[in-house]
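Protein chains in written order, with the UniProt record's numbering: chain Y, 1 to 438; chain A, 1 to 438. No residue lacks a Cβ here, since even glycine has one placed at the ideal position from N, Cα and C. Before any comments, here is the structure.
Number of protein chains: 2
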Amino acid sequence: MTTAQPLRIAIAGLGTVGAGVIRLLEANASLIAARAGRPITVVAVSARDRGKDRGIDLAPYAWEDDMAALAGRGEVDVVVELVGGSDGKALELARAALEAGKPLVTANKAMIAHHGIELAEIAASHDVPLKFEAAVAGGIPVVKGLREGAAANAIERVYGILNGTCNYILSTMEDTGADFAATLGEAQAKGYAEADPTFDIEGVDAAHKLAILAAIAFGSRIDFAAVRCTGISRVRAADIAQAATLGYVVRLVGIADLDPVEGAEPRLLQRVRPCLVPLTHPLAAVDGPTNAVVAEGDYSGRLLFQGAGAGDKPTASAVVADLIDVARGDTAPPFSVPVDQLRTLAPADLGQRTGKTYLRFSVADRPGVLAEITAAMRDANVSIESLIQQGNDDDSDEVLIAMVTHDGQEKCVTEALELLAGSESLTAPPLVMPIISD
Amino acid sequence: MTTAQPLRIAIAGLGTVGAGVIRLLEANASLIAARAGRPITVVAVSARDRGKDRGIDLAPYAWEDDMAALAGRGEVDVVVELVGGSDGKALELARAALEAGKPLVTANKAMIAHHGIELAEIAASHDVPLKFEAAVAGGIPVVKGLREGAAANAIERVYGILNGTCNYILSTMEDTGADFAATLGEAQAKGYAEADPTFDIEGVDAAHKLAILAAIAFGSRIDFAAVRCTGISRVRAADIAQAATLGYVVRLVGIADLDPVEGAEPRLLQRVRPCLVPLTHPLAAVDGPTNAVVAEGDYSGRLLFQGAGAGDKPTASAVVADLIDVARGDTAPPFSVPVDQLRTLAPADLGQRTGKTYLRFSVADRPGVLAEITAAMRDANVSIESLIQQGNDDDSDEVLIAMVTHDGQEKCVTEALELLAGSESLTAPPLVMPIISD
Numbered sequence: 001m002t003t004a005q006p007l008r009i010a011i012a013g014l015g016t017v018g019a020g021v022i023r024l025l026e027a028n029a030s031l032i033a034a035r036a037g038r039p040i041t042v043v044a045v046s047a048r049d050r051g052k053d054r055g056i057d058l059a060p061y062a063w064e065d066d067m068a069a070l071a072g073r074g075e076v077d078v079v080v081e082l083v084g085g086s087d088g089k090a091l092e093l094a095r096a097a098l099e100a101g102k103p104l105v106t107a108n109k110a111m112i113a114h115h116g117i118e119l120a121e122i123a124a125s126h127d128v129p130l131k132f133e134a135a136v137a138g139g140i141p142v143v144k145g146l147r148e149g150a151a152a153n154a155i156e157r158v159y160g161i162l163n164g165t166c167n168y169i170l171s172t173m174e175d176t177g178a179d180f181a182a183t184l185g186e187a188q189a190k191g192y193a194e195a196d197p198t199f200d201i202e203g204v205d206a207a208h209k210l211a212i213l214a215a216i217a218f219g220s221r222i223d224f225a226a227v228r229c230t231g232i233s234r235v236r237a238a239d240i241a242q243a244a245t246l247g248y249v250v251r252l253v254g255i256a257d258l259d260p261v262e263g264a265e266p267r268l269l270q271r272v273r274p275c276l277v278p279l280t281h282p283l284a285a286v287d288g289p290t291n292a293v294v295a296e297g298d299y300s301g302r303l304l305f306q307g308a309g310a311g312d313k314p315t316a317s318a319v320v321a322d323l324i325d326v327a328r329g330d331t332a333p334p335f336s337v338p339v340d341q342l343r344t345l346a347p348a349d350l351g352q353r354t355g356k357t358y359l360r361f362s363v364a365d366r367p368g369v370l371a372e373i374t375a376a377m378r379d380a381n382v383s384i385e386s387l388i389q390q391g392n393d394d395d396s397d398e399v400l401i402a403m404v405t406h407d408g409q410e411k412c413v414t415e416a417l418e419l420l421a422g423s424e425s426l427t428a429p430p431l432v433m434p435i436i437s438d
Numbered sequence: 001m002t003t004a005q006p007l008r009i010a011i012a013g014l015g016t017v018g019a020g021v022i023r024l025l026e027a028n029a030s031l032i033a034a035r036a037g038r039p040i041t042v043v044a045v046s047a048r049d050r051g052k053d054r055g056i057d058l059a060p061y062a063w064e065d066d067m068a069a070l071a072g073r074g075e076v077d078v079v080v081e082l083v084g085g086s087d088g089k090a091l092e093l094a095r096a097a098l099e100a101g102k103p104l105v106t107a108n109k110a111m112i113a114h115h116g117i118e119l120a121e122i123a124a125s126h127d128v129p130l131k132f133e134a135a136v137a138g139g140i141p142v143v144k145g146l147r148e149g150a151a152a153n154a155i156e157r158v159y160g161i162l163n164g165t166c167n168y169i170l171s172t173m174e175d176t177g178a179d180f181a182a183t184l185g186e187a188q189a190k191g192y193a194e195a196d197p198t199f200d201i202e203g204v205d206a207a208h209k210l211a212i213l214a215a216i217a218f219g220s221r222i223d224f225a226a227v228r229c230t231g232i233s234r235v236r237a238a239d240i241a242q243a244a245t246l247g248y249v250v251r252l253v254g255i256a257d258l259d260p261v262e263g264a265e266p267r268l269l270q271r272v273r274p275c276l277v278p279l280t281h282p283l284a285a286v287d288g289p290t291n292a293v294v295a296e297g298d299y300s301g302r303l304l305f306q307g308a309g310a311g312d313k314p315t316a317s318a319v320v321a322d323l324i325d326v327a328r329g330d331t332a333p334p335f336s337v338p339v340d341q342l343r344t345l346a347p348a349d350l351g352q353r354t355g356k357t358y359l360r361f362s363v364a365d366r367p368g369v370l371a372e373i374t375a376a377m378r379d380a381n382v383s384i385e386s387l388i389q390q391g392n393d394d395d396s397d398e399v400l401i402a403m404v405t406h407d408g409q410e411k412c413v414t415e416a417l418e419l420l421a422g423s424e425s426l427t428a429p430p431l432v433m434p435i436i437s438d
């Protein structure tokens with residue numbers, strides 16, 4: 001239907017996502033050409049191992065052993081970086097592509113979280129697009145949704161379930177009553193968790209995505225280092241059961257919002273933590289490896305974007321959506337406003353957060369422990385809404401005390417925990433989970 | 001920050017949405033300018049009554065008594081149509097704007113459903129944008145999400161809760177146990193339903209939105225006339241209670257999908273009907289006036305977009321998002337592919353649908369009625385999964401028989417109902433609700 005020049009792309013990285021992109025461009029070639037206004041064709045590729053069987057025929061494409069050389073090839077219009085890793089070859093290629101005046105499309109959340117501003121500056125200086133829809137929440141078009149769909153709004157808060165591995169583990173623990181370690185093992189066996197799951201379960205992956213979302217939502221420079229991050233490895237089956245009796249589910253939630261400062265730029269509050277989510281909240285229904293992002297705009301109200309957060313096909317869908325935008329001459333700045341207009345926001349003090357908090361103590365089963373804990377709460381001005389003490393299932397003499405505070409400042413909870421630090425009554429560090437308001 | 005020329009807009013229609021757009025452009029002027037690359041300023045307005053108090057100062061703007069004249073004003077870059085109505089002044093203005101080579105932004109679902117293709121043709125011939133994000137699902141950026149975010153996908157099905165009034169009524173009936181008429185009255189008192197609610201409760205408004213979504217999803221010419229539409233006015237409290245005991249909620253759902261045809265274009269199936277939605281489905285959690293749209297792509301998988309489906313602020317958010325796109329030189333075709341490439345899809349036969357169905361009969365309380373109904377089911381090859389007969393609450397001798405069929409073709413259900421047509425046993429026409437699969 002179209003006689004326009006094809007958009008010629010080079011792909012670096014031929015793992016499951018790279019192969020997925022090649023398959024998608026072939027499977028939906030005619031509809032992609034119609035929507036893009038011209039065909040999108042792969043002309044060159046690069047990966048670590050040329051000979052590996054990926055189930056796709058690489059013969060039609062030029063091969064480069066040196067990934068960065070893809071950027072210099074004259075016939076390449078756009079470079080697609082699917083190598084991964086915040087630095088190294090991925091970053092080298094990204095810089096080379098943009099410096100050569102070529103649009104860059106990437107699925108690399110770590111690279112964007114660490115170097116997104118630098119790359120956006122190079123892109124701006126050469127007036128070419130830098131696009132990373134696939135870096136946040138897989139197949140969900142939430143970068144576009146925030147950057148363009150919600151563009152008229154001052155975003156007040158952006159938060160969501162940003163890591164499918166953690167969500168799979170937590171929702172499975174909820175369904176089965178199994179403990180964390182067993183559920184992680186099962187997730188690894190099913191391919192929902194990596195052999196080394198640290199980046200996922202400790203919240204680093206979610207923190208990468210949150211830092212990117214915050215920059216888009218608030219028009220601010222990415223500040224990944226300021227994300228306060230707690231993973232899910234200390235969440236016990238007992239916590240999930242306790243949350244259920246209170247009307248909550250446990251989810252790893254990344255939240256970014258602004259703490260207003262009189263007469264100055266607001267401070268930026270970014271944290272990734274296991275949270276209690278009320279059953280009536282849309283995030284409570286997000287099960288398995290699904291991701292979901294909520295953006296609260298001053299005019300739009302609460303917007304929810306939900307879908308597959310990972311996987312070769314959803315991620316390829318996001319990569320190719322970016323390519324279609326590039327083919328149509330997309331001009332939107334990567335972080336919603338031009339990079340030289342992004343604000344630098346100082347990190348907010350987490351203690352300023354106000355709300356209810358769930359606290360769980362593992363304590364020795366002996367007299368006076370409950371008095372010690374409740375005294376610390378009183379001394380730190382933490383008001384307790386409910387408290388449950390229960391014996392542990394196993395034969396240990398460990399007892400669990402779970403409590404929910406009234407609305408209050410988080411710094412009071414921190415102070416209470418400091419008062420209890422080093423107490424011989426505690427058999428493990430306490431677990432603190434904020435409660436999301438409905 | 002920016003020295004670019006402002007985008008100068010004219011607004012026709014100063015109801016709650018028009019006034020909301022003016023307020024939003026003022027409230028968020030600096031962030032809108034940063035995201036749009038230039039300021040967006042209102043230069044001219046038109047409405048029915050110049051003197052009406054809208055809480056905004058119209059003095060800065062030129063006034064036109066004749067709306068269509070807005071299009072001819074030399075200083076106007078873009079026309080925003082917020083008058084409403086499928087024809088008349090809105091259509092006259094829309095044509096005039098596009099024929100004058102000016103982009104048109106509209107929130108008018110009826111006009112797009114009836115005349116969207118004609119308007120897209122005029123827009124294409126003058127190479128200007130036609131944008132209508134606000135016409136579908138209020139503040140939710142689902143037009144953009146489908147058209148651009150999911151652009152790499154062959155969409156297999158698009159469906160959702162597209163009318164906030166109906167969803168408010170159905171979810172309130174669920175919460176309170178009240179009947180339809182009382183709940184409608186309450187919705188009218190609260191402003192969630194119009195004085196004349198026909199367009200909403202009979203599903204016409206949802207059908208407008210569904211026809212637009214189907215065109216974008218499938219790259220096909222809008223066929224509003226082919227939408228099969230049943231409203232919610234015949235849903236009783238007893239149906240909702242019955243659905244609840246079976247694990248479902250009742251929602252008015254618009255669904256569009258394709259019925260494949262060997263060696264030819266598929267047929268398009270579009271229907272708006274009250275449906276039973278399993279409690280585990282994301283649409284079941286959509287309460288009150290919220291809207292939600294699900295798009296199932298062949299690569300993205302299931303994408304969910306949820307938010308406020310109406311209201312002055314969310315609708316203004318969508319209108320201004322379109323204006324920002326226009327300011328940045330948006331080039332995406334209104335219905336995802338250029339209008340001359342849209343397919344003409346014949347309507348599918350609704351009877352081909354396969355699935356479970358909920359049927360409710362109101363019958364006279366006398367011997368033989370159940371035998372008559374079950375015989376008709378047998379003769380039409382409808383297999384019954386469960387059946388409940390219950391007396392009515394009031395003193396009438398009417399009895400309700402609710403049944404759920406096994407998976408089967410909908411035409412069999414239709415045939416069974418035809419066998420029962422005219423039966424003196426039935427005290428009211430049967431209610432048929434398809435069951436959405438999870």
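Check                                                                                                                               : Outcome
Cα-Cα separation, Y/Ala225 to A/Val261                                                                                              : 55 Å
Contact with chain A by Y/Ile122, beta-carbon distance below 7 Å                                                                    : no
Where the beta strand (DSSP E) through A/Gly18 begins and ends                                                                      : First-last for A/Gly18: 16-27, but that is the alpha helix (DSSP H), not the beta strand (DSSP E).
Proximal chain Y residues relative to A/Lys144, where beta-carbon distance stays under 9 Å                                          : Pro141, Lys144, Gly145, Glu148, Gly149
Interface residues of chain A facing Y/Ala154 [CB-CB closer than 9 Å]                                                               : Ala27, Asn28, Leu31
Top-ranked residue by Cα proximity to Y/Arg256, from Y/Gly247, Y/Tyr248, Y/Gln270                                                   : The residue asked about is misnamed: residue 256 of chain Y is Ala in this sequence, not Arg. Closest option to Y/Ala256, Cα to Cα, is Y/Gln270.
Minimum Cβ-Cβ distance from Y/Gly329 to chain A less than 7 Å                                                                       : yes
Rounded separation between Y/Gly101 and Y/Gly329 - CA only                                                                          : 14 Å
Interface residues of chain A facing Y/Gly116 [CB-CB closer than 7 Å]                                                               : By Cβ distance, chain A contributes nothing, its closest Cβ being about 17 Å from Y/Gly116, past 7 Å.
Same chain, Cβ closer than 7 Å to A/Gly351, five either side skipped, listed in chain order                                         : Gln409, Glu410, Lys411, Thr414
Inter-residue Cα distance where the pair is A/Gly139 and Y/Asp127                                                                   : 31 Å
Per-residue contacts from A/Phe224 into chain Y (C-beta, under 7 Å)                                                                 : By Cβ distance, chain Y contributes nothing, its closest Cβ being about 23 Å from A/Phe224, past 7 Å.
Uninterrupted alpha helix (DSSP H) stretches inside the region 72-138 of chain A (no shorter than 4 residues)                       : 88-99, 109-125
Chain-ordered chain A contacts of Y/Ser233 [CB-CB under 7 Å]                                                                        : Going along chain A, no residue has its Cβ under 7 Å from Y/Ser233, so there is no contact; the nearest lies around 28 Å.
Secondary structure of A/Gly160, DSSP reduced to three states                                                                       : strand
Nearest-angstrom Cβ-Cβ length linking Y/Asp77 and Y/Leu7, presumed shorter than 8 Å                                                 : 5 Å
Minimum Cβ-Cβ distance from A/Gly263 to chain Y less than 7 Å                                                                       : no
Coil, strand or helix - A/Glu262 by DSSP                                                                                            : coil
Reference A/Ser171; option with closest CA among A/Ser362, A/Val286, A/Leu258                                                       : A/Val286
Residues from the region 332-350 of chain A in contact with chain Y, defined by Cβ distance under 9 Å                               : Ala332, Pro333, Ser336, Val337, Pro338, Asp340, Gln341
The region 227-261 of chain A: positions lying closer than 9 Å to chain Y by Cβ                                                     : none
Chain-ordered neighbours of Y/Ser437 on chain A, where CB pairs are closer than 7 Å                                                 : Near Y/Ser437 there are no residues of chain A at all, since even the closest Cβ is about 17 Å away, more than 7 Å.
Neighbour list for A/Val320 in chain Y, Cβ cutoff strictly below 7 Å                                                                : Ala152
Residue range of the unbroken alpha helix (DSSP H) whose run includes A/Glu372                                                      : 369-379
Contact with chain A by Y/Lys313, beta-carbon distance below 7 Å                                                                    : yes
Contact list for the region 277-311 of chain Y against chain A, Cβ threshold 7 Å                                                    : Pro282, Ala285, Gly297, Tyr299, Ser300, Gly301, Arg302, Leu303, Leu304, Phe305, Gln306, Gly307, Ala308
Reference A/Glu81; option with closest CA among A/Val249, A/Ser220, A/Ile122, A/Val21                                               : A/Val21
With 16 other Cβ atoms within 10 Å as the buried cut-off, status of A/Ser220                                                        : buried
Contacts around A/Ala318, its chain only, beta-carbon distance under 6 Å, and the 5 residues preceding and following it disregarded : Glu133, Ala134, Gly139
Minimum Cβ-Cβ distance from A/Arg35 to chain Y less than 7 Å                                                                        : yes
Chain A contact residues for Y/Leu170, given Cβ-Cβ distances below 7 Å                                                              : Per Cβ cutoff of 7 Å: no residues; Y/Leu170 is ~17 Å from chain A at best.
Span of the beta strand (DSSP E), counted from its first residue to its last, around Y/Ala12                                        : 7-12
C-alpha gap between Y/Val43 and Y/Arg35, whole angstroms                                                                            : 20 Å
For Y/Ile122 and Y/Glu99, the rounded distance between their alpha carbons                                                          : 7 Å
CB-CB length for A/Ala47 against A/Gly13, believed under 8 Å                                                                        : 6 Å
Y/Thr2 versus Y/Glu202: straight-line alpha-carbon distance, rounded                                                                : Model confidence at Y/Thr2 stands at a pLDDT of 46, short of 50, so the residue's coordinates are unreliable; what they give is reported in the following sentence. Looking at the two C-alpha atoms, the distance is approximately 48 Å.
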